[in-house]
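Worksheet: one structure, shown below.
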Amino acid sequence: MHDDQHYLQQAVALARRNVEQGGRPFGALLVRNGRVLAEAVNEIHLSQDPTAHAEMLAIRAASRQLGPRLDGCVIYASGQPCPMCLAAMYLCGVSRAVFAASNEQAEPFGLSTAAIYQQLSKPLEAQRLPVLHLPQAAMSALYQDWQERHAAN
Numbered sequence: 092m093h094d095d096q097h098y099l100q101q102a103v104a105l106a107r108r109n110v111e112q113g114g115r116p117f118g119a120l121l122v123r124n125g126r127v128l129a130e131a132v133n134e135i136h137l138s139q140d141p142t143a144h145a146e147m148l149a150i151r152a153a154s155r156q157l158g159p160r161l162d163g164c165v166i167y168a169s170g171q172p173c174p175m176c177l178a179a180m181y182l183c184g185v186s187r188a189v190f191a192a193s194n195e196q197a198e199p200f201g202l203s204t205a206a207i208y209q210q211l212s213k214p215l216e217a218q219r220l221p222v223l224h225l226p227q228a229a230m231s232a233l234y235q236d237w238q239e240r241h242a243a244n
C-alpha cells in the first residue's frame, strides 16, 4: 500500500505538470518489481490524437522495451482509466491498475468517461454508435493462414 501511494503521488505530480504546460490533468506510470518502466502524460493537446492518453502512452513506451506482454506490471494513473485504456491493459496483461480520481469526481469538470462505460455495457445493437457485422467468408481462411504461420514461429 505504501508503494501504491508513492507511485500514485508521482502520477498526480505528472498530471499537475501537464496542466501547468497546457495539457489535461492526466499522468500515468507503469511499474514492475519496484521499477518505473515508463511514465507519460495525456498528450491530446500536443498531437490532436484522441488516443494519446497517459496510460496508452505509458503502455506503448513500456512495450517498446518489453514487447507486447506487460504481465506483472502495475499502472498508476491520476484518473480512472477510460474504457480504451482499460481494454489496452487487459490486452497487454497488466496485472493491476491504481487510480486517484474517480469518474464521479471528474464528472463536474467534463473529464468523466462513465457515459462510454455505460454504452459499452449494452449489447452492440443497443449502443449509440452503429456497429454492423457483415461476415466475410475470406476471414476464416485468413485466420487459418495466420494460425499456421504463427505456429511455425
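Everything in the sequence shown is counted per the working numbering, starting at 92 for the first residue and increasing by one. We treat Cβ as the ideally placed atom computed from N, Cα and C, and that holds for glycine. As the structure is a prediction and not an experimental result, all values here were calculated from the model.
When C-alpha distances from R155 are compared across H144, A129, C176, M175, the shortest belongs to A129.
The beta carbon of G114 is closer than 8 Å to those of V132, N133, E134, I135, H136, L137 in its chain, skipping five residues each way along the sequence. Per DSSP, the continuous beta strand (DSSP E) segment holding S169 begins and ends at 164-170. Taking a cut-off of 8 Å on C-beta distances, the stretch 225-237 does not touch the stretch 195-205, as fewer than three cross pairs fall below it. In the DSSP assignment, L120 falls within the beta strand (DSSP E) that extends over 118-123.
Taking 8 Å as the cut-off, the Cβ atoms of Q218 and Q210 count as close.
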